[in-house]
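**Student:**
Number of protein chains: 2
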Amino acid sequence: MNIEIINIGDELLIGQVVNTNASFMAQELNKVGFNIIRISTIADNAKDIELCVKEGLQHSDCVLITGGLGPTKDDITKYTLAKIFESEMIEDQNVLANVQKIFSHRGYELTPTNRLQAQVPKKCKVIENLVGTAPGMCFETNGKLVISMPGVPFEMKEMMTKHIIPLLLSFYKPSAIFHKTILTQGIGESFLSDILEDFEQNLPKHIHLAYLPQANLLRLRLSAQGENHNQVKEELEAQINKLMPLINDYFIGFDENDLSRVVAKLLEQKGKTLSTVESCTGGNIAHAITLNAGSSQYFKGTIVAYCNQVKEDVLEVEAKSIEDFGAVSKEVAQQMALGGIKKLKTDYCISATGIAGPTGGTDQKPIGTIWIAVANSKREVQAQQFNFFSSRENFINRATNQAFAMLLKWIKEGK
Amino acid sequence: MNIEIINIGDELLIGQVVNTNASFMAQELNKVGFNIIRISTIADNAKDIELCVKEGLQHSDCVLITGGLGPTKDDITKYTLAKIFESEMIEDQNVLANVQKIFSHRGYELTPTNRLQAQVPKKCKVIENLVGTAPGMCFETNGKLVISMPGVPFEMKEMMTKHIIPLLLSFYKPSAIFHKTILTQGIGESFLSDILEDFEQNLPKHIHLAYLPQANLLRLRLSAQGENHNQVKEELEAQINKLMPLINDYFIGFDENDLSRVVAKLLEQKGKTLSTVESCTGGNIAHAITLNAGSSQYFKGTIVAYCNQVKEDVLEVEAKSIEDFGAVSKEVAQQMALGGIKKLKTDYCISATGIAGPTGGTDQKPIGTIWIAVANSKREVQAQQFNFFSSRENFINRATNQAFAMLLKWIKEGK
Numbered sequence: 003m004n005i006e007i008i009n010i011g012d013e014l015l016i017g018q019v020v021n022t023n024a025s026f027m028a029q030e031l032n033k034v035g036f037n038i039i040r041i042s043t044i045a046d047n048a049k050d051i052e053l054c055v056k057e058g059l060q061h062s063d064c065v066l067i068t069g070g071l072g073p074t075k076d077d078i079t080k081y082t083l084a085k086i087f088e089s090e091m092i093e094d095q096n097v098l099a100n101v102q103k104i105f106s107h108r109g110y111e112l113t114p115t116n117r118l119q120a121q122v123p124k125k126c127k128v129i130e131n132l133v134g135t136a137p138g139m140c141f142e143t144n145g146k147l148v149i150s151m152p153g154v155p156f157e158m159k160e161m162m163t164k165h166i167i168p169l170l171l172s173f174y175k176p177s178a179i180f181h182k183t184i185l186t187q188g189i190g191e192s193f194l195s196d197i198l199e200d201f202e203q204n205l206p207k208h209i210h211l212a213y214l215p216q217a218n219l220l221r222l223r224l225s226a227q228g229e230n231h232n233q234v235k236e237e238l239e240a241q242i243n244k245l246m247p248l249i250n251d252y253f254i255g256f257d258e259n260d261l262s263r264v265v266a267k268l269l270e271q272k273g274k275t276l277s278t279v280e281s282c283t284g285g286n287i288a289h290a291i292t293l294n295a296g297s298s299q300y301f302k303g304t305i306v307a308y309c310n311q312v313k314e315d316v317l318e319v320e321a322k323s324i325e326d327f328g329a330v331s332k333e334v335a336q337q338m339a340l341g342g343i344k345k346l347k348t349d350y351c352i353s354a355t356g357i358a359g360p361t362g363g364t365d366q367k368p369i370g371t372i373w374i375a376v377a378n379s380k381r382e383v384q385a386q387q388f389n390f391f392s393s394r395e396n397f398i399n400r401a402t403n404q405a406f407a408m409l410l411k412w413i414k415e416g417k
Numbered sequence: 003m004n005i006e007i008i009n010i011g012d013e014l015l016i017g018q019v020v021n022t023n024a025s026f027m028a029q030e031l032n033k034v035g036f037n038i039i040r041i042s043t044i045a046d047n048a049k050d051i052e053l054c055v056k057e058g059l060q061h062s063d064c065v066l067i068t069g070g071l072g073p074t075k076d077d078i079t080k081y082t083l084a085k086i087f088e089s090e091m092i093e094d095q096n097v098l099a100n101v102q103k104i105f106s107h108r109g110y111e112l113t114p115t116n117r118l119q120a121q122v123p124k125k126c127k128v129i130e131n132l133v134g135t136a137p138g139m140c141f142e143t144n145g146k147l148v149i150s151m152p153g154v155p156f157e158m159k160e161m162m163t164k165h166i167i168p169l170l171l172s173f174y175k176p177s178a179i180f181h182k183t184i185l186t187q188g189i190g191e192s193f194l195s196d197i198l199e200d201f202e203q204n205l206p207k208h209i210h211l212a213y214l215p216q217a218n219l220l221r222l223r224l225s226a227q228g229e230n231h232n233q234v235k236e237e238l239e240a241q242i243n244k245l246m247p248l249i250n251d252y253f254i255g256f257d258e259n260d261l262s263r264v265v266a267k268l269l270e271q272k273g274k275t276l277s278t279v280e281s282c283t284g285g286n287i288a289h290a291i292t293l294n295a296g297s298s299q300y301f302k303g304t305i306v307a308y309c310n311q312v313k314e315d316v317l318e319v320e321a322k323s324i325e326d327f328g329a330v331s332k333e334v335a336q337q338m339a340l341g342g343i344k345k346l347k348t349d350y351c352i353s354a355t356g357i358a359g360p361t362g363g364t365d366q367k368p369i370g371t372i373w374i375a376v377a378n379s380k381r382e383v384q385a386q387q388f389n390f391f392s393s394r395e396n397f398i399n400r401a402t403n404q405a406f407a408m409l410l411k412w413i414k415e416g417k
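Just so you know, the protein sequences line up as chains A and B, in that order. For reference, each letter of the first sequence is one residue, going 3 to 417 in the working numbering. For reference, each letter of the second sequence is one residue, going 3 to 417 in the working numbering.
1. From the beta carbon of residue 165 of chain A, is the nearest beta carbon of chain B less than 7 Å away?
2. Rounded to whole angstroms, what is the Cα-Cα separation between residue 47 of chain B and residue 68 of chain B?
3. In three-state terms, what does DSSP make of residue 342 of chain A?
4. The beta strand (DSSP E) spanning residue 138 of chain B covers which residue range?
5. Check each residue of the stretch 52-78 of chain A: if its Cβ is closer than 8 Å to any Cβ of chain B, include it; give the result in chain order.
6. For residue 309 of chain B, go through chain A and note every residue whose CB falls closer than 7 Å to its CB, in chain order.
7. If you measure from the beta carbon of residue 201 of chain B to each beta carbon in chain A, is any gap under 7 Å?
8. Kindly say whether residue 188 of chain B, judged by its beta-carbon, lies nearer than 7 Å to any beta-carbon of chain A.
9. Where in the stretch 214-274 of chain B do unbroken runs of the beta strand (DSSP E), each at least 3 residues long, occur, reported from the N-terminal end onward?
10. To the nearest angstrom, how far is it from the Cα of residue 220 of chain B to the Cα of residue 261 of chain B?
11. Give a yes or no on whether 7 Å exceeds the smallest Cβ distance from residue 381 of chain B to chain A.
12. Based on the DSSP output, what are the partners of residue 303 of chain B in its beta bridges?
13. Counting along the chain, where does the alpha helix (DSSP H) carrying residue 400 of chain A start and finish?
14. Decide if the stretch 151-162 of chain A is in contact with the stretch 107-126 of chain A; the criterion is three or more beta carbon pairs, one per stretch, under 8 Å apart.
15. With a threshold of 16 other CB atoms inside 10 Å of the CB of residue 77 of chain B, please say whether the residue is buried or exposed.
16. How would you call residue 92 of chain B, buried or exposed, if buried means at least 16 neighbouring beta carbons within 10 angstroms?
17. Curious, which full-length alpha helix (DSSP H) runs of at least 4 residues does the stretch 34-74 of chain A contain?
18. Give me the residue from A:181, A:75, A:333 and A:237 with the minimum Cα distance to residue 36 of chain A.
19. 7 Å is my cut-off, CB to CB: does residue 106 of chain A come that close to chain B?
20. Assign residue 232 of chain A to buried or exposed, taking buried as 16 or more other Cβ atoms, counted over all protein chains shown, within 10 Å of its Cβ.
21. Within the 7 Å Cβ cut-off, does residue 360 of chain B reach chain A?
22. Looking only at C-alpha atoms, which of B:66, B:226 and B:120 sits nearest to residue 179 of chain B?
23. Is there at least one Cβ from chain B nearer than 7 Å to residue 28 of chain A's Cβ?
24. Take residue 239 of chain B as the anchor and find which of B:256, B:373 and B:252 has the nearest alpha-carbon.
25. Whole-angstrom Cβ separation of residue 342 of chain B and residue 306 of chain B, contact assumed at under 8 Å?
26. Would you kindly work out how many angstroms separate the C-alpha atoms of residue 229 of chain A and residue 200 of chain A, rounded to a whole number?
27. Whole angstroms is fine: what's the gap from residue 50 of chain B's alpha carbon to residue 329 of chain B's?
28. Between the C-alpha atoms of residue 411 of chain B and residue 323 of chain A, what's the straight-line distance to the nearest angstrom?
29. Apart from the five residues on each side of it in sequence, which residues of its chain come closer than 7 Å, Cβ to Cβ, to residue 234 of chain B?
30. Roughly how many angstroms lie between the CA atoms of residue 109 of chain A and residue 16 of chain B, to the nearest whole one?
31. Using only alpha-carbon positions, find the residue among A:202, A:121, A:197 and A:132 that is nearest to residue 248 of chain A.
32. Just verifying my parser: in three-state terms, what is the DSSP assignment at residue 123 of chain B?
33. Which class does residue 92 of chain A belong to by DSSP, given the choice of helix, strand or coil?
34. Is residue 294 of chain A helix, strand or coil by DSSP?
35. Between which two residues does the alpha helix (DSSP H) holding residue 379 of chain B run?
36. Could you give the first and the last residue of the continuous beta strand (DSSP E) run that contains residue 178 of chain B?
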């Protein structure tokens with residue numbers, strides 16, 4: 003069962019926008035056992051769209067399309083699909099109601115241009131868009147599906163996970179596939195692959211191990227595919243049992259893509275609260291935690307002390323410590339974490355102070371140097387130094403994950 | 003002069019790696035006037051590569067390929083190209099010398115597997131790789147070029163800018179192309195397109211307007227293409243001059259993809275400082291600002307007051323205001339912004355308090371409700387209410403951009 007993805011959008015072809023839709027879709031489809039054979043990016047151009055859809059139907063069993071569904075003149079995907087499938091356009095009353103609801107919610111009146119969003123080809127099955135005005139459309143032709151969805155990433159994501167994956171599963175009934183993702187931290191890909199060499203060589207052919215590195219994290223994904231649902235599931239479990247003792251030192255959790263979710267779950271479970279005090283990470287640790295729905299249960303607040311004055315005034319870090327040891331030091335990291343405990347009144351506080359670059363490094367403290375500390379309400383505190391020399395964004399992401407990993411270790415040790 | 007890009011690599015098709023090579027290549031090619039008509043991503047599979055290259059030669063004047071040039075068994079691009087162009091493989095002595103140099107540099111001995119990197123199809127023109135072992139290859143067929151380069155991003159980038167762009171310019175002599183991007187805020191795509199209807203209809207055929215929406219932002223891109231370099235440039239400028247009065251109310255800046263960069267530039271220019279006080283945005287406004295290198299010049303700190311206790315204790319928001327009006331209210335947003343000015347000692351402070359969802363909404367204050375306030379060191383303060391009903395992540399991104407837009411307006415008004 004082969005799928006071709008077509009991403010439509012001029013902005014992709016001039017390189018203004020990186021095509022993250024394709025990787026999200028490929029990941030989600032891969033998880034449930036579909037094979038992507040080609041991803042094509044083309045312009046908002048009727049001739050190209052028609053050619054690409056027709057070629058896609060030749061190469062593969064299913065064509066998934068994103069983009070070109072806005073209400074403006076440059077968006078022509080649905081009219082082109084109507085032409086390909088020889089269908090007239092009609093106004094769909096459910097879509098119209100949804101568009102009206104969204105506009106009244108935002109306090110706007112519906113203009114004739116926006117009302118065009120409710121126009122769909124008569125021959126398609128309409129797919130609901132709960133978070134935007136452009137509906138999805140599904141066409142069936144010679145036992146193959148062609149599905150069009152919005153290019154706005156969060157609309158596409160919502161539609162993919164809620165509607166399109168279930169629709170594809172019921173239509174194509176792919177062979178049974180199970181994945182188990184294991185989150186590890188504290189070891190690089192090549193070192194872990196040395197440790198797992200024998201394990202990997204002894205895996206049966208239908209079970210596959212993938213290494214998925216992220217900023218300062220390494221996810222392992224074990225996938226098993228086959229005809230018999232229960233058998234495949236059991237075989238995967240058996241391999242996981244073999245794998246676990248080998249990676250014990252680096253194991254963080256199962257099936258969580260994001261370390262902040264592991265932290266969130268553990269805090270919820272234990273009924274503990276967290277705050278952060280951030281310098282070089284500039285609020286990203288707090289941002290990562292608060293992306294999780296329900297985070298107000300365990301997350302109380304943050305002080306981003308980007309300048310020394312805030313470190314001293316708000317967090318009561320000693321001016322002398324900053325002078326003697328520098329703002330990027332064990333002493334300051336520890337005082338920041340303890341200051342957070344005092345001011346924000348939580349069970350745990352994480353702090354980070356470092357040099358993100360691209361300037362500001364010295365011989366003693368080169369760019370990438372960072373101190374991360376964890377403190378608790380008993381005023382115990384522990385700090386550790388790292389170097390995450392990298393791009394600014396990657397530095398911040400690696401620091402964020404390292405901070406979560408240190409906190410997890412602490413909580414697990416009963417601190 | 004149309005180009006098709008083919009990116010080869012299994013990791014791209016399972017969504018493990020985001021295809022940033024494509025956007026880099028598209029940007030570079032676009033700048034010098036080449037038109038990308040398609041970007042195809044395919045697996046390391048001989049049949050798919052052959053089909054995709056042949057289709058590419060049908061659609062376009064030139065095919066640029068990345069990936070599949072490593073020394074291991076799964077890399078088959080050059081052998082497949084040799085087959086397509088009916089060429090035998092030979093060992094290229096210059097490439098061999100380069101591979102040997104690189105290996106001795108790294109302190110490794112050359113293995114037979116690595117020596118295979120010096121094998122190239124006899125019919126190609128070899129393109130030097132100064133930073134890696136895999137050479138580029140250029141084939142000419144019926145007046146069209148097919149060029150293969152490594153998939154490792156920094157090797158590809160080096161080869162593109164140093165060798166391939168000059169080669170394409172001398173071979174194809176493309177038409178002139180210019181783009182201008184305009185950042186707008188405060189108006190939706192469909193409303194702006196209504197305003198610009200006449201302007202758009204009167205554009206000459208070789209000038210094109212595109213709408214590129216982002217969370218709560220709308221970029222407009224005007225592109226002009228033609229034979230005469232100076233004439234195209236002048237025509238584009240003339241259209242920009244016509245466009246500007248129409249969008250004046252929503253204009254933010256030129257050629258900036260990111261609102262935080264516009265804010266950063268303006269603060270730097272004016273020598274002013276900023277802090278943020280965040281509730282529902284959880285530190286994201288601070289994170290967006292501090293992603294910019296050099297942000298410590300103008301950004302001082304943040305207090306994320308996720309719970310009411312922190313609002314009261316650290317920011318001195320009145321408990322009575324929270325009780326009377328609720329944490330998501332004009333009064334609390336204003337007190338938060340003023341609290342930030344007092345505690346973090348900056349010229350400006352932005353605050354945000356709202357209901358990100360998916361739970362926590364009421365009839366009076368549904369999910370998506372948010373108050374954003376801006377304050378200055380004269381203790382002037384202004385708050386505004388919005389509704390950004392959406393996914394949690396999108397709510398946060400929209401709120402962040404709205405906060406920046408409010409601040410920009412304030413600074414521009416001389417507050």
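For glycine and all other residues, C-beta sits at the position ideal for the given N, C-alpha and C.
**Tutor:** Based on what the coordinates show:
1. no
2. 14 Å
3. helix
4. 138-143
5. 53, 54, 57, 61, 72, 73, 74, 75 and 76
6. 298, 302 and 303
7. no
8. no
9. Runs of the beta strand (DSSP E) lying entirely within the stretch 214-274 of chain B and spanning at least 3 residues, in chain order: 219-228 and 253-256.
10. 11 Å
11. no
12. A:307 and B:277
13. From DSSP, the alpha helix (DSSP H) with residue 400 of chain A extends over 394-414.
14. no
15. Residue 77 of chain B is buried by the Cβ-count criterion.
16. exposed
17. 48-61
18. A:181
19. no
20. exposed
21. Closer than 7 Å to some Cβ of chain A, the Cβ of residue 360 of chain B qualifies, so yes.
22. B:226
23. yes
24. Taking only the C-alpha atoms, the option nearest residue 239 of chain B is B:256.
25. Incorrect: roughly 11 Å between the Cβ atoms, too far for contact.
26. 27 Å
27. 58 Å
28. Each residue's alpha carbon lies about 40 Å from the other.
29. 178, 180, 226, 227 and 228
30. 41 Å
31. A:197
32. strand
33. Of the three classes helix, strand and coil, the one that applies to residue 92 of chain A here is strand, per DSSP.
34. coil
35. Where residue 379 of chain B is concerned, there is no enclosing alpha helix (DSSP H), given that its DSSP letter is neither H nor E.
36. Counting along the chain, the unbroken beta strand (DSSP E) around residue 178 of chain B starts and ends at 178-186.
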